[in-house]
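Okay, so here's the structure we're looking at.
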Amino acid sequence: GRYAEHLRPWLERIPADRLLIVRADDLFREAATTFDAVQDFLRLPVRHEVTLVPYNSRTQPPIEPATKARLAEYYRPFNAELYELIGRDLDWERGYPSS
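Add 24 to the 1-based position in the sequence shown for this note's numbering, that's all there is to it.
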């Protein structure tokens with residue numbers, strides 16, 4: 025999405041070191057590690073009882089390659105703007121498999 029335009033007002037009011045940006049991919053793939061990082065950021069005691077329950081786990085039809093390419097092209101400048109804003113590349117250009 026166009027995250028930078030929604031994140032910028034927060035960063036104008038809150039120092040960047042007071043905000044933690046978590047990739048959903050990281051949360052889904054490494055739930056315990058990501059949750060540990062969130063707890064550490066919030067200065068909470070680290071608890072390891074993390075269980076993510078699948079929600080809306082239906083399989084989706086593959087994205088047509090042409091649609092995927094069009095979306096990637098559309099979002100490329102918005103992603104670049106976000107990466108510049110947060111000083112971090114979220115590696116979204118790698119994308120998701122089209123099949």
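The beta carbon of each residue, even a glycine, is placed where N, CA and C say it ideally should be. Computed from a prediction, not measured in an experiment: that's the story for all the values here.
Would you mind working out which of the options sits nearest residue i, comparing C-alpha positions?
i      : options                       : result
PRO78  : ILE87, PRO69, LEU51           : LEU51
GLU29  : ASP113, GLN84, LEU106         : LEU106
ALA40  : PRO101, ARG82, TRP116, LEU109 : LEU109
ARG112 : VAL46, GLU54, ARG67, HIS72    : VAL46
ALA96  : THR83, ASP115, GLN84, SER81   : ASP115
ARG118 : THR75, LEU31, SER81, ASP49    : ASP49
LEU76  : ARG94, THR57, GLN84           : THR57
The alpha helix (DSSP H) that contains residue i, what's its start and end?
i     : result
LEU95 : 89-110
VAL74 : Taken as a continuous stretch (DSSP letters only), VAL74 belongs to no alpha helix (DSSP H), as it is neither H nor E.
ASP49 : 48-53
Residue i by DSSP, collapsed to three states: which one?
i      : result
GLN63  : helix
PRO33  : helix
THR58  : helix
TYR79  : coil
ARG118 : helix
SER123 : For SER123, the predicted model reports a pLDDT of 39, less than 50, meaning its position is unreliable; a value from the coordinates is still stated below. Three-state result, SER123: coil.
ASP113 : coil
Report all residues from its chain with a CB closer than 7 Å to the CB of residue i; omit the five preceding and five following residues, and keep chain order.
i     : result
PHE65 : LEU44
VAL74 : ALA55, ALA56, PHE59
Less than 6 Å between C-beta atoms, sequence neighbours within five positions excluded: which residues of the same chain meet that for residue i?
i     : result
TYR99 : none
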